[in-house]
Amino acid sequence: MNKFYCLIFLYLLSGTGLVAQEKQEIKINTFFHELSLAKVLEYLEQQSDYTFSYSSNTIPLDEKVTLKEQNISFWTALDEVFKYMPVTYEIVNNNIVLKYNELTQTIRGTIRDKDSQQPIFGATVIVVGSVPLQGATTDEQGRYRIPNVKVGRKTLRYNYLGYEEGIIPNALLGSGKELILDAELVESVIKMEEIVVSAVGIGSQPLNEMGIISGRSFTVEETKRYPISIGDPMRLASSFAGVMGTDDGSNEIIIRGNTPRGILWRMEGVEIPNPNHFSSEGASSGGISMFSTQVISRSDFYTGAFAPAYGNALSGVFDINLRKGNNEKAEHTIQAGLLGLDFSSEGPISKEMGSSYLFNYRYSTLGMLGDLGIIELGENEKNTFQDLALKVNLPTRSLGTFSLFGMGGLSKYTQGFRNADDEEKYNMGVVGISNDYVINKNTFIKTTFSVSATEVSNDEFVKFENNRDTVDFFNKESFKKSYTRGAVVFNKKFNSQHLLEAGVTISRLDYNFTELDHDIKRTEPFVDLVSFNDEGASGTQQAFLSWKFRINEQLSLVNGLHYFRFSFTGEESYEPRSSLKWQFRENQSITAGFGVHSRIESLEYYLGNHINSDGTTVDNNPDLGMAKTNHYVLGYDRVLSPSLYFKTEIYYQHLYNIPVSPDPTFGWYSSINSTDEYATIPLVNEGTATNYGIEMTLDKKFSRNYYFMVNGALFESKYKGGDGIERDSRFNGNFNFHVLGGKEWKVGKNGKNNIVGLSTKISYAGNQRNIPIDLEQSIVDSRERLDYSRIYADRVREYFRMDVQISYRKNRPRTTTEWRLDIQNMTNRFNYGGEVYDGGLQQVVADNQIGLIPILSYRLEF
3 MNKFYCLIFL YLLSGTGLVA QEKQEIKINT FFHELSLAKV LEYLEQQSDY
53 TFSYSSNTIP LDEKVTLKEQ NISFWTALDE VFKYMPVTYE IVNNNIVLKY
103 NELTQTIRGT IRDKDSQQPI FGATVIVVGS VPLQGATTDE QGRYRIPNVK
153 VGRKTLRYNY LGYEEGIIPN ALLGSGKELI LDAELVESVI KMEEIVVSAV
203 GIGSQPLNEM GIISGRSFTV EETKRYPISI GDPMRLASSF AGVMGTDDGS
253 NEIIIRGNTP RGILWRMEGV EIPNPNHFSS EGASSGGISM FSTQVISRSD
303 FYTGAFAPAY GNALSGVFDI NLRKGNNEKA EHTIQAGLLG LDFSSEGPIS
353 KEMGSSYLFN YRYSTLGMLG DLGIIELGEN EKNTFQDLAL KVNLPTRSLG
403 TFSLFGMGGL SKYTQGFRNA DDEEKYNMGV VGISNDYVIN KNTFIKTTFS
453 VSATEVSNDE FVKFENNRDT VDFFNKESFK KSYTRGAVVF NKKFNSQHLL
503 EAGVTISRLD YNFTELDHDI KRTEPFVDLV SFNDEGASGT QQAFLSWKFR
553 INEQLSLVNG LHYFRFSFTG EESYEPRSSL KWQFRENQSI TAGFGVHSRI
603 ESLEYYLGNH INSDGTTVDN NPDLGMAKTN HYVLGYDRVL SPSLYFKTEI
653 YYQHLYNIPV SPDPTFGWYS SINSTDEYAT IPLVNEGTAT NYGIEMTLDK
703 KFSRNYYFMV NGALFESKYK GGDGIERDSR FNGNFNFHVL GGKEWKVGKN
753 GKNNIVGLST KISYAGNQRN IPIDLEQSIV DSRERLDYSR IYADRVREYF
803 RMDVQISYRK NRPRTTTEWR LDIQNMTNRF NYGGEVYDGG LQQVVADNQI
853 GLIPILSYRL EF
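Taken in order, the sequence shown gives residues 3 to 864; the numbers are from our numbering.
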């Protein structure tokens, strides 16, 4: 009887597929290329005694299959067919049952106290909306792990008794890579209660606890999603209120009517040189950023009244953070497209210690777009660039956490004509090491040492006659700078109400400048015009003190002081900063801020020589002072729903000590109208300027598969040169408006694991102002002459641009792929780029910017 029941039990197990069936040995000859799964299954049935059972509603029968193996096992072929599909199979007699498996991935990270950076033990994390509810609790190191989370967009909620609730909304989880989300919670002023506070502008608040006004953070996902960016996080900033970039070929950022040169760049907490390819001396922008979206983490962007930690900035601050590599498993990303190739890799160094590496390399040639006829390049014109970024994270048991970071880029522009050659280079590199050391549960110190360098060179050769062997004119420029920086930041959290931060940064600047003009046809008694032949060293010293006082749950005050000294001139600047946030209702707040800020000019201003007619030189500006500005900002924020908020700010900026010319001939000149280069004419710090305006933003964060942002600004930007006449500044566009929006659709079989996305951006703005060409005088003199009586009096034609992005993201077991088409300048509008005098036509001819550019790319994560 027992034997009978055992046989019945085994039979039932066999009927449910729980007993492994013996596989028949079958050899088949096969060749599939982009054949549908349905056709493949039919063929395999014909080649064997097996039949397939499945649900057509769940199994992706339209999926294309490619298999080129010959004379292989039936089972090997079957495994290859389902290798990249979420499908498994079971053998029940002569029936093969196909089952759909949900694609899942792991979400993990660390939760810390925002002020003290101490890990929080026992905090809870849940995946909002998951059924059944998925979540985790942090361990002693503040770490959490949530495995087997279904792919797609996920919102995480973080809670801990006595802390304000934290939310990370709509993070994109793919099957190819783990999603690592670190969170920082703020301790509540009201003790021993679980506080839930509606954060104004959730997901956009700056990471810097002291930056409570005119700042926001941006994420890697936003950089990828916004169609303007082309993978360039710097171009993302041109989508924000009061920010504009009207040069399609450059990522220059005009903030509240200020020159793009007034931006401070920081990486991993220390100042770095201009991190943009195809840049020029004195500029803070370029063609495309050296920061790849593969390596940056959530970072901050500020447009005014900066926190006390930031110095040497007039208009804005980019504070970039590099993310840590995955310290548990190796992951890789490859991206290829019309702009070139991008490869990144990350993984553990020691799983026991939690150390990791991350690096990214990118090579691109814009000449590919020219070869395809997408953009128009000049004769023998070529643009190439490459960059590398890395971060190595090394936790220790007793000495804190060390991080090695670095970034570098090389870019070159060349153009050749029958009788001329021009080659321009911009190279930049930075490498550093930092240490985060926790002294006790409320105190930590961060120490950073970095070395960076830049090289800007330009070689131009011209032969006016047919013989190229003899050069009639050449210009050679080489500007080399190297920076050595050491920084220490001390952070002390006294309690939930009081936070103190202090820091010191010492910088040394070594330089080597040369510039040589040679013209054998000149009639002057000298041949070589040497504008630069300087080598030496200088530096800066900065310090700051910042105190945040959370008076109660509604009211926060930040006061501080920044000290700045320039060794070259010995000038010192003491800069008070103050800001206030009053959350007078759960969903509304008022902010106010004030700050004094200063910035030194490019070193060439201080060293540039003026060349007299007899060949002698005069150093005009060795004692030039810092340019300064006072920022005043008043703001109002309101959360309209969990994913929708409104924000407005009014501001006033008074700029003074601006370098201008005392010479009536150049009385219109002011350094605030320059985007790059330098001046060798005599300058004095007697110029002023004012910027004032209002900005408004309505921001719908990504939820329910769509997002949008509408913002606009009205502003005035005026300046006074050495002649004391008030004029419109070069960047006084008076208005700018941005409309962004996008939607995603889940597609595919059971679970709809794949995503189709559509995003667009429309920008409309008042353009920059120029110095018009005096056509009549140009005709008389047979060369271009400018009308300085109307300098910056008129705006050029308004700027309009529409960009569209179409993407298809596909999740497979262990891999995620994405096709993306960025259509830049969708309407093919040729925006104003400048104008020149054409002597042959005796007319002023417009030099317009580029039209429509489609950029296709493919991305693989595994």
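Note that beta-carbon positions come from the ideal geometry of N, C-alpha and C, so glycine has one too. For clarity, every value in this text was computed on a predicted model and none was experimentally measured.
- DSSP, reduced to helix, strand and coil, places D621 within a strand of the structure shown.
- Taking every protein chain shown into account, the CB of E588 has fewer than 16 other CB atoms within 10 angstroms, so this residue is exposed.
- Here the alpha carbon of I93 sits roughly 6 Å from the alpha carbon of V99.
- At a Cβ-Cβ threshold of 7 Å, R110 and G144 do not count as neighbours.
- In the DSSP assignment, P661 is bridged to N687.
- Rounded to whole angstroms, T571 and V847 show a C-alpha spacing of 44 Å.
- In the DSSP assignment, A422 falls within the unbroken beta strand (DSSP E) covering 422-442.
- Around the beta-carbon of P624, fewer than 16 other beta-carbon atoms lie within 10 Å, marking it exposed.
- The stretch 319-333 makes no contact with the stretch 846-860; the number of CB pairs closer than 8 Å stays below 3.
- In this structure Q807 is buried. Its beta-carbon is surrounded by 16 or more other beta-carbon atoms within 10 angstroms.
- Taking the C-beta atoms as reference points, M292 is found nearer than 7 Å to D389.
- For the pair of segments examined, the stretch 560-579 was found to touch the stretch 545-552: the number of CB pairs separated by less than 8 Å reaches three.
- Residue pairing of F387 in beta bridges, as defined by DSSP: S366, S413.
- Around the Cβ of R300, a 10 Å sphere holds 16 or more other Cβ atoms; the residue is buried.
- It is roughly 40 Å from the alpha-carbon of Y565 to the alpha-carbon of P644.
- A contact between stretches requires three or more CB pairs, one per stretch, nearer than 8 Å, and the stretch 670-684 meets this requirement with the stretch 728-736.
- The distance from the Cβ of R159 to that of N172 is about 12 Å, inconsistent with a contact at the 8 Å cut-off.
- For E47, the secondary structure class from DSSP, reduced to helix, strand or coil, is helix.
- The C-beta distance from S509 to G541 rounds to 5 Å, short enough to meet the 8 Å contact threshold.
- For the pair S498 and E166, the CB atoms are not nearer than the 7 Å cut-off.
- A489 counts as buried, since at least 16 other C-beta atoms from the protein chains shown sit within 10 angstroms of its C-beta.
- Annotation: the continuous beta strand (DSSP E) that includes V319 extends over 318-322.
- In the three-state reduction of the DSSP assignment, D639 falls in the strand class, which pools E and B.
- Nearest C-alpha to Y653 among Y634, T667, T682, L209: Y634.
- The Cβ neighbour count for I602, taken over all protein chains shown within 10 Å, is at least 16; the residue is labelled buried.
- Secondary structure remark: continuous beta strand (DSSP E) runs of at least 3 residues inside the stretch 794-849, in chain order: 801-814, 817-826, 837-840, 845-848.
- Of the other Cβ atoms in all chains shown, 16 or more fall within 10 Å of the Cβ of N827; this residue is therefore buried.
- Taking a cut-off of 8 Å on C-beta distances, the stretch 791-809 does not touch the stretch 80-92, as fewer than three cross pairs fall below it.
- Each residue's CA atom was taken as its position, placing Y834 and V798 some 7 Å apart.
- Between G724 and V662, the CB-CB gap stays under 7 Å.
- DSSP places E577 in the uninterrupted beta strand (DSSP E) bounded by 573-587.
- Within the stretch 110-163, the complete beta strand (DSSP E) segments of 3 residues or longer fall at 126-129, 136-139, 145-152, 154-161, listed in chain order.
- Comparing C-alpha distances from R822 to each of E837, D796, L858, V838 shows the shortest one belongs to L858.
- In the assembly as shown, R487 is a buried residue. Its beta-carbon has 16 or more other beta-carbons within 10 Å.
- When C-beta atoms of the stretch 113-128 are compared with those of the stretch 137-151, three or more pairs fall below 8 Å, so the two segments count as touching.
- W77: not part of any beta strand (DSSP E); member of the alpha helix (DSSP H) spanning 76-83, first to last residue.
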